[in-house]
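In what follows, a single structure is set out as structure tokens and then discussed.
Numbering (full-length UniProt numbering), first residue to last: 1 to 74.
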């Protein structure tokens, strides 16, 4: 428990980010730009092309699974 006035140092956008996380749109280019390809995979590999064509909720679920992220992604 803390004094709510201590949150005044944050802007509304910063509080939203801290409490809710990022809500950016994921596009195929953004996804591919942030992948470190290994084991023979490239941006042109069929598996990567397939994943990058998924709907946003599926991309988030695959990313969650692949990264073992502890935050549940809806």
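By construction, the Cβ of each residue, glycine as well, lies at the ideal position given by its N, Cα and C atoms.
This one's a predicted model, so the numbers in the text were calculated from it and none came from an experiment.
Cβ neighbours of residue i in the same chain (closer than 7 Å, five flanking residues each side left out)
i, result
"residue 9", "none"
"residue 121", "Outside the modelled stretch of the chain, which goes from 1 to 74, sits residue 121, for which no answer is possible."
Burial state of residue i (16 or more Cβ within 10 Å)
i, result
"residue 59", "buried"
Beta carbon proximity, residue i to chain C, threshold 8 Å
i, result
"residue 62", "Looking at the structure shown, chain C is missing, and only one protein chain is on hand."
Three Cβ pairs or more, each shorter than 8 Å: is that satisfied between the region 35-44 and the region 7-22? no
Curious, which full-length beta strand (DSSP E) runs of at least 3 residues does the UniProt domain "HECT" (1-48) contain? none
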